[in-house]
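Our numbering numbers the first residue of the sequence shown as 63 and each following residue consecutively.
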Amino acid sequence: MTILETNRLILRPWRLDDAPQLYQYAKDSRVGPVAGWPAHHSVQESKSVIENVLMTTGTFAMAFKETPNMIIGSVGLKFTHSIDYPDFMTDKSAEIGYWIGVPFWGQGLMPEAVNRLLLYGFNQLELAEIWAGYYEGNQQSRRVQEKCGLSYQLTVVDKYVPLLKLYKDEHFLRITREEWQNK
């Protein structure tokens, strides 16, 4: 079981008993839809998302070190993008995904967590490059990516977002292991 730490945060595997806290933040329509998933409607739905989406290798629940059982967000690496995006991602690529509850916006927590995941991805997993995407209009996500050293690469126009049942432009940024080491 991998647990990662930063100055303020602990990144740990998701547990089913995190469902009430996930629901507390995921029901807010300012959180999920900009990231490509609908707001949650019940604790049971949040529990199902934990079980079927978040309880995967490389995905972490975010909490403050002092309160490791109180989830504030999520950060993770997705490894299937060489299949999803064979034109520009390889088997040595991963994509970072993340969200954080509204009460914690603007505190520098997400760049702190993403930087820790970059360290993990490049040093422990020996990835060659790490990508991140954001949908048109999600400037907060773009700013996190840029603060962490990722740079714009391309836009996929009218990408279908199945959980929202609509099309959005998705912008992709990337950092290579060499760029990260020289940062």
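The C-beta atom is built at its ideal place from N, Cα and C for all residues, glycine as well. Treat the numbers as computed from the prediction; the structure is a model and nothing was measured.
Where Leu84 is concerned, the enclosing alpha helix (DSSP H) starts and stops at 81-88.
Only buried fits Lys230, as 16 or more other CB atoms lie within 10 angstroms of its CB. Under the three-state reduction of DSSP output, Gln169 falls in the coil class, being neither helix nor strand. Between the C-alpha atoms of Trp161 and Trp76 there is a straight-line separation of about 14 Å. Contact between the segment 205-225 and the segment 235-242 is present: three or more C-beta pairs spanning the two stretches fall below 8 Å. If you draw a straight line from the Cα of Asn131 to the Cα of Thr118, it is about 18 Å long. Taking all protein chains shown into account, Gly170 has fewer than 16 neighbouring C-beta atoms within 10 Å of its C-beta and is therefore exposed. Around the beta carbon of Trp242, 16 or more other beta carbons sit within 10 angstroms, so the residue counts as buried.
Contact between the segment 189-199 and the segment 144-158 is present: 3 or more CB-CB pairs across the two stretches fall below 8 Å. Taken through DSSP and simplified to helix, strand or coil, Tyr147 comes out as coil.
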